[in-house]
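Working notes, beginning with the structure itself.
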Amino acid sequence: MSSETDGAQDLPMDYSDYLHLPEVLGAQHPLSGDHHEMLFIVQHQAMELWMRLALHELTEAQRLISADEVRPAFKGLARVSRIMEQLVHAWDVLSTLTPTEYDKFRPYLATGSGFQSWQYRCIEFALGNKAAYTLRVHEGRPHEQDVLGAYGRPSLYDESLRLLARRGFEIPADHLDRDWKQEYAASDAVEAAWGEVYRDPEKHWDLYELGEELTDLETAFRVWRFRHVTTVERIIGFKPGTGGTSGVSYLRKQLDIILFPELWAMRTGL
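The sequence shown begins at 1049 in this note's numbering and counts up by one.
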């Protein structure tokens, strides 16, 4: 006679099996015993899941653009923009955590910080924010090679400029073959190329749509960053971050970063 466990193994796959819910729902391990710590853990685990999907879509969009399959890439880019919107709304939930409530379990984070999120770092690198100093926190960590790989590859914007060049636009050679680990430098020639696309959208419709998808994506990313800094300030004020950053002061500086500069600059001259 089989045991109850053996019988369970014979059952057909169900919803819980497919989603591996026992593992997912068993991954929350509060350390402090405080009621509000569960919110903090679930919030950040959920954000990491959304970032996993964002990376999945960005990787495919870059592959499609590099293969001149521009229109199919739009779906993934639009999806990443919607993911960013989900991440923005996630701050609404975390902002219900008051400073007093957070202080009860904050010591248990020790030096753990969102600044150490390797998936977020890969998203930043994919979008072109190649800040070398951010690599330090990933040294010796299990996903160090994933981060270094993203750091050394062309960004989504780099691939878009290569596409413009293949279409006959005059993109500087040092924007097409360079050290991809270096931060991007804006170019008047690139701005002129995007301006040409936008002045005749019917002729360059897929490139025009690509420009708008990139603009949507950066807009959503800016909103996400803004909600991040305001939520952090609401909960901890100007205290230093647990990961060693200056906290709100550091996050405010990130608001000034422009990912796709020529797409914004060329609008003034249209």
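For glycine and all other residues, C-beta sits at the position ideal for the given N, C-alpha and C.
{"Check": "Once DSSP output is grouped into helix, strand and coil, what is the label at Met1099?", "Outcome": "helix"}
{"Check": "Helix, strand or coil: which one does DSSP assign to Ile1283?", "Outcome": "helix"}
{"Check": "According to DSSP, simplified to helix, strand and coil, what is Met1049?", "Outcome": "Below a pLDDT of 50, predicted positions are generally treated as unreliable, and Met1049, at 43, falls in that range; the measurement from the model is reported next regardless. Three-state result, Met1049: coil."}
{"Check": "Hey, out of Leu1211, Leu1262, Lys1178 and Phe1153, whose CA is closest to Phe1308's CA?", "Outcome": "Leu1262"}
{"Check": "Who are the near neighbours of Thr1293 in its chain, counting only those whose CB is closer than 6 Å to its CB and skipping five residues on each side?", "Outcome": "Phe1163"}
{"Check": "On the DSSP letters alone, give me the boundaries of the alpha helix (DSSP H) that Ser1208 sits inside.", "Outcome": "Leu1204 to Arg1214"}
{"Check": "Would the C-beta of Thr1263 count as close to the ligand MG, meaning under 7 Å from any of its heavy atoms?", "Outcome": "Judged by which ligands are present, the structure shown has none, so any question about the ligand MG falls away."}
{"Check": "Check this for me: beta carbons of Glu1133 and Ser1235, under 8 Å apart or not?", "Outcome": "no"}
{"Check": "With a cut-off of 8 Å, do at least 3 Cβ pairs link the region 1130 to 1145 to the region 1268 to 1277?", "Outcome": "yes"}
{"Check": "Given 8 Å as the limit, is there contact between the region 1147 to 1165 and the region 1114 to 1126, that is, 3 or more CB pairs closer than that?", "Outcome": "no"}
{"Check": "Per the contact definition of three or more C-beta pairs closer than 8 Å, is the region 1235 to 1248 in contact with the region 1092 to 1107?", "Outcome": "no"}
{"Check": "What's the C-alpha gap between Glu1117 and Glu1266?", "Outcome": "21 Å"}
{"Check": "What are the boundary residues of the alpha helix (DSSP H) that His1044 is part of?", "Outcome": "Residue 1044 lies beyond the range of the chain shown here (1049 to 1318); nothing can be said about it."}
{"Check": "From this set, Ala1115, Ser1143, Ala1313 and Phe1173, which residue's C-alpha is nearest Lys1229's C-alpha?", "Outcome": "Phe1173"}
{"Check": "Please report the straight-line C-alpha distance between Thr1159 and Trp1098, rounded to a whole angstrom.", "Outcome": "24 Å"}
{"Check": "When burial is assigned at 16 or more other CB atoms within 10 Å of the CB, is Phe1153 buried or exposed?", "Outcome": "buried"}
{"Check": "Need the endpoints of the alpha helix (DSSP H) that Thr1316 sits in, please.", "Outcome": "Looking at the DSSP string, Thr1316 is not in any alpha helix (DSSP H), and its letter there is neither H nor E."}
{"Check": "Is it the case that the Cβ atoms of Ala1213 and Leu1224 are separated by a distance below 8 Å?", "Outcome": "yes"}
{"Check": "With distances taken Cα to Cα, identify the nearest neighbour of Trp1139 among Glu1281, Gly1317, Val1245 and Glu1192.", "Outcome": "Glu1281"}
{"Check": "Where does Lys1178 land, buried or exposed, given buried means 16+ other C-beta within 10 angstroms?", "Outcome": "buried"}
{"Check": "Between Asp1222, Ala1313, Gln1093 and Thr1279, which lies nearest to Val1136 when the distance is taken from Cα to Cα?", "Outcome": "Thr1279"}
{"Check": "Once DSSP output is grouped into helix, strand and coil, what is the label at Leu1265?", "Outcome": "helix"}
{"Check": "Report the rounded CA-to-CA distance for Asp1264 versus Glu1257, giving the unit in angstroms.", "Outcome": "10 Å"}
{"Check": "Measuring straight from C-alpha to C-alpha, what distance separates Leu1079 and Tyr1156?", "Outcome": "6 Å"}
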